[in-house]
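S.K.: Take a look at the following structure, please.
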Amino acid sequence: MRAEAESHRHGRGLIEYANGPSLEEVNGSISVPHNISFAKTLFMYSGPGALVAVGYMDPGNWSTSITGGQNFSYLLMSVILLSSLIAMLLQYMAAKLGIVSQMDLAQAIRARTGKALSVVLWILTELAIMATDIAEVIGAAIALYLLFRIPLVLDVFITVGDVLLLLLLTRIGFRKIEAIVVCLIAVILLVFLYHVVLSKPDWAAVAAGLIPTGKTFAGSPHIGGQTPITGALGIIGATIMPHNLYLGSSISQIRAVDHHNQ
């Protein structure tokens, strides 16, 4: 009991050191009823998973995988499978970090590093955020231009406004944001399934491509500016994305969890 109390005090100290709970406005704001079925429990906790899933639906991920498929057919399917499994494991660990420690990954790093190092890491993170958002903003602006022929400069402001609008929606309840995201994911899923049907894939070749071979990580042939190894590295880098670990460790705390009765 004494060890448990000491551990609890130490944990609370780290939380206070990390400047309060993650996403303080919505932290623990959604309660989950007890004594409900597994299916209902899964449904109640599926919202954060949907928000994390959106983080993997970015132009870089799609373009890298599409280019790899265009150049090497089904050869890099095993890389997509393995990198996805690794990403799932890391997301699972990030969620456990948030739920158990009550800190997101950024807070945990700050609590375990010195001030000088934390400032350096903060600057590097800000630069990485800007580099990542450039692709997202430009991609959305180009999409709006292609669909509606709106000038690109105005498209950029519309994209930025969309982000601010999404943040304002937290005022009406986080579950509503999760529902909107799930609807968008469903649309993307249907579009992708439609394209798969149109492409008429060779399922035997798809199954064979899920097994890695020496050719998967070879330095040749050189097709379309890529080799299998560079295509594989691009897919891994586009799939295992650190910013999603920060997101997952944070939004996993939105559900109200009784940390005193574990």
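The sequence shown begins at 1320 in the working numbering and counts up one residue at a time.
All C-beta atoms in this analysis are idealised placements derived from N, C-alpha and C, irrespective of residue type, glycine included.
Note that the structure is a prediction, hence the values are computed from the model and not measured.
How would you write the range of the alpha helix (DSSP H) that residue 1561 sits in, first residue to last?
M.R.: In the sequence shown, the residue the question calls residue 1561 occupies position 242. That run of the alpha helix (DSSP H) goes 1561 to 1570.
S.K.: Taking the C-alpha atoms as reference points, what is the distance between residue 1432 and residue 1548?
M.R.: The residue given as residue 1432 occupies position 113 in the sequence shown. The residue given as residue 1548 occupies position 229 in the sequence shown. Whole-angstrom Cα-Cα distance: 35 Å.
S.K.: By the DSSP assignment, the alpha helix (DSSP H) with residue 1431 in it spans what residues?
M.R.: Position 112 of the sequence shown, counted from the start, is the residue given in the question as residue 1431. Per DSSP, residue 1431 belongs to the alpha helix (DSSP H) from 1424 to 1431.
S.K.: With residue 1544 and residue 1389 assumed to form a contact (beta carbons below 8 Å), what rounded beta-carbon distance in angstroms separates them?
M.R.: Start at 1 with the first residue of the sequence shown, and residue 1544 comes out as number 225. Start at 1 with the first residue of the sequence shown, and residue 1389 comes out as number 70. Between residue 1389 and residue 1544 the Cβ distance is about 11 Å, and since that is not below 8 Å, they are no contact.
S.K.: Which of the three DSSP states, helix, strand or coil, is assigned to residue 1468?
M.R.: Reading the sequence shown from its first residue, position 149 is the one you call residue 1468. Here residue 1468 sits in coil by DSSP.
S.K.: What number of angstroms, rounded off, separates the C-alpha of residue 1500 from the C-alpha of residue 1526?
M.R.: To locate residue 1500, count along the sequence shown from 1; it is residue 181. To locate residue 1526, count along the sequence shown from 1; it is residue 207. Roughly 31 Å separates the two Cα atoms.
S.K.: Taking 8 Å as the cut-off, decide whether the C-beta atoms of residue 1535 and residue 1443 are in contact.
M.R.: Start at 1 with the first residue of the sequence shown, and residue 1535 comes out as number 216. Start at 1 with the first residue of the sequence shown, and residue 1443 comes out as number 124. Contact: no.
S.K.: Distance check for residue 1413 and residue 1320, CA to CA, integer angstroms please.
M.R.: Indexing the sequence shown from 1 puts residue 1320 at position 1. Indexing the sequence shown from 1 puts residue 1413 at position 94. Note that residue 1320 scores a pLDDT of 44, beneath 50, so its modelled location is shaky; the value from the coordinates is reported in the next line. Those two C-alpha atoms are separated by around 27 Å.
S.K.: Looking at C-alpha atoms only, which residue of 1555, 1367 and 1401 is the closest neighbour of residue 1567?
M.R.: Locating residue 1567 in the sequence shown gives position 248, counting from the first residue. Residue 1367 is the option with its Cα nearest to residue 1567.
S.K.: Which residue from 1386, 1340 and 1392 puts its Cα closest to that of residue 1521?
M.R.: As a position in the sequence shown, residue 1521 is number 202, starting the count at 1. Here the closest residue by C-alpha is 1392.
S.K.: With DSSP as the reference, please indicate the residues paired to residue 1542 in a beta bridge.
M.R.: On the sequence shown, position 223 is the one that residue 1542 refers to. Partner(s): 1545.
S.K.: Mapping the DSSP letters down to three states, classify residue 1385 as helix, strand or coil.
M.R.: Sequence index remark: in the sequence shown, residue 1385 carries index 66 (1-based). Looking at residue 1385 - three-state DSSP - the assignment turns out to be helix.
S.K.: Between the segment 1336 to 1351 and the segment 1414 to 1425, are three or more C-beta pairs nearer than 8 Å?
M.R.: yes
S.K.: Mark residue 1518 as exposed unless 16 or more other C-beta atoms lie within 10 angstroms of its C-beta, in which case mark it buried.
M.R.: Residue mapping note: residue 1518 aligns to position 199 of the sequence shown, counting from 1. So residue 1518 ends up on the exposed side.
S.K.: Under a Cβ-count criterion, where at least 16 other Cβ atoms within 10 Å of its own Cβ denotes burial, should residue 1429 be classed as buried or exposed?
M.R.: Numbered from 1 along the sequence shown, position 110 holds the residue referred to as residue 1429. It is buried - the Cβ of residue 1429 has at least 16 other Cβ atoms within 10 Å.
S.K.: For residue 1268, does the count of other Cβ atoms within 10 angstroms reach 16, so buried, or fall short, so exposed?
M.R.: Only positions 1320 to 1581 of the chain appear in the structure, and residue 1268 is not among them; the question remains open.
S.K.: Are residue 1373 and residue 1504 closer than 8 Å when you measure CB to CB?
M.R.: The residue you call residue 1373 lines up with position 54 of the sequence shown. The residue you call residue 1504 lines up with position 185 of the sequence shown. Cβ atoms of residue 1373 and residue 1504: closer than 8 Å.
S.K.: On the DSSP bridge list, what partners appear for residue 1583?
M.R.: What the structure shows of the chain is the stretch from 1320 to 1581, and residue 1583 is not part of that stretch, so it cannot be assessed.
S.K.: Are the segment 1507 to 1515 and the segment 1467 to 1485 touching, with three or more C-beta to C-beta distances below 8 Å?
M.R.: no
S.K.: Flag this pair as yes or no: are the beta carbons of residue 1402 and residue 1530 separated by less than 8 Å?
M.R.: As a working mapping, residue 1402 is identified with position 83 in the sequence shown. As a working mapping, residue 1530 is identified with position 211 in the sequence shown. Taking 8 Å as the Cβ cut-off, residue 1402 and residue 1530 do not qualify as a contacting pair.
S.K.: So, for residue 1497: in the same chain, excluding its five sequence neighbours on each side, which residues have a beta-carbon less than 7 Å away from its beta-carbon?
M.R.: Taking the sequence shown and counting its residues from 1, the one referred to as residue 1497 is at position 178. Contacts found: 1366, 1369 and 1370.
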